Amino acid sequence: MKKLIVAPSILSADFNYLKRDIETVEKAGAEWLHFDVMDGHFVPNISFGIPVLKCIAHSHNMVNDVHIMISEPLKYAEEFIKSGAEYLTFHYEACKNDKEVKQVIDIIHQNGGKAGLSIKPKTDVKVLDKFFPDLDLILVMSVEPGFGGQSFMYEALAKIKYLRDVIDAKDYHCLIEVDGGINQDTAKLCADNGVDVLVAGSYLFGKEDVKERIEGLKNA
Ligand code: DX5
Ligand code: ZN
Numbered sequence: 000m001k002k003l004i005v006a007p008s009i010l011s012a013d014f015n016y017l018k019r020d021i022e023t024v025e026k027a028g029a030e031w032l033h034f035d036v037m038d039g040h041f042v043p044n045i046s047f048g049i050p051v052l053k054c055i056a057h058s059h060n061m062v063n064d065v066h067i068m069i070s071e072p073l074k075y076a077e078e079f080i081k082s083g084a085e086y087l088t089f090h091y092e093a094c095k096n097d098k099e100v101k102q103v104i105d106i107i108h109q110n111g112g113k114a115g116l117s118i119k120p121k122t123d124v125k126v127l128d129k130f131f132p133d134l135d136l137i138l139v140m141s142v143e144p145g146f147g148g149q150s151f152m153y154e155a156l157a158k159i160k161y162l163r164d165v166i167d168a169k170d171y172h173c174l175i176e177v178d179g180g181i182n183q184d185t186a187k188l189c190a191d192n193g194v195d196v197l198v199a200g201s202y203l204f205g206k207e208d209v210k211e212r213i214e215g216l217k218n219a
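Under numbering that gives the first Met the number 0, read the sequence shown as residues 0 to 219, first letter to last.
Printed below as a string of structure tokens:
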């Protein structure tokens, strides 16, 4: 039975008590910490950026899993890596063309990071085909990016299944991550289709039984 990786999204944390909330999820068994960076341009919300990442990145022992929902990822990728991003996941839709997607992946690798590529719900998963050999992670959005607390979009399951089949058939090393509306029930569906990493925000932060919830997601 594969143990899943759980990546709490700090978008749902109490920013008045960010250090406390990060310590809580780390103590509760989270191995990754998910940073949802939003620029108010690529997505209709603004969250936080480099100064917050710099402050937090080395204050815990979880993997810094940074999801940049921003325009012009090519311009900012290097600074995010240098600020502490270990996985840096950008959006296919934020790039002008496939050449730029490859350029961002290369910049991430040249700066010692692991490269992730994310697609929105309406984007065909097959646009990722040509990037598999270069990617360390693929992030399937199961909500429209921009806000926590939304409902899971079930069409994400077919994308996860497709990715699992291709990665296994070709023996690629790329992880599959899902983000949006994850709880115990939707986590199980994603696990049944082959996901590796679960991002969860509102299901984890501010909950008394966060340890049990994280354990439940790991064993979904
Ligand atoms: C959307 C965000 C959310 C967040 C998770 O842009 O990326 O998906 O991480 O939020 P929940 O788990 O509350 O859906
Ligand atoms: Zn995210």
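For each residue, glycine too, the CB sits at the ideal point set by N, CA and C. Owing to the predicted nature of the structure, the values given are computational and were not obtained by experimental measurement.
In the three-state DSSP reduction, K113 falls in the strand class (E or B). Inclusion of Q149 and V139 in the CB contact set at 8 Å is not warranted, their separation being larger than that value. Shortest Cα-Cα distance from F204 to any of K2, L3 and K26 involves K26. Membership of T88 in any alpha helix (DSSP H) is not indicated; the residue belongs instead to the beta strand (DSSP E) covering Y86 to H90.
Just so you know, the alpha carbons of D178 and D97 end up roughly 23 Å apart. Classified as buried, Y202 has 16 or more neighbouring CB atoms from the shown chains inside 10 Å of its CB. Remark: the shortest separation between the CB of V209 and any heavy atom of the ligand ZN does not fall under 7 Å. In the three-state reduction of the DSSP assignment, V5 falls in the strand class.
Between L17 and L32, the alpha-carbon positions lie close to 12 Å from each other.
Under the 8 Å Cβ criterion, the stretch 121-132 counts as touching the stretch 151-168, having at least three qualifying pairs.
The beta strand (DSSP E) runs of length 3 or more contained entirely in the stretch 47-106 are, from start to end of the chain, 62-68 and 86-90. Sorted by chain position, residues whose beta-carbon lies closer than 5 Å to a non-hydrogen atom of the ligand ZN are D35, H66 and D178.
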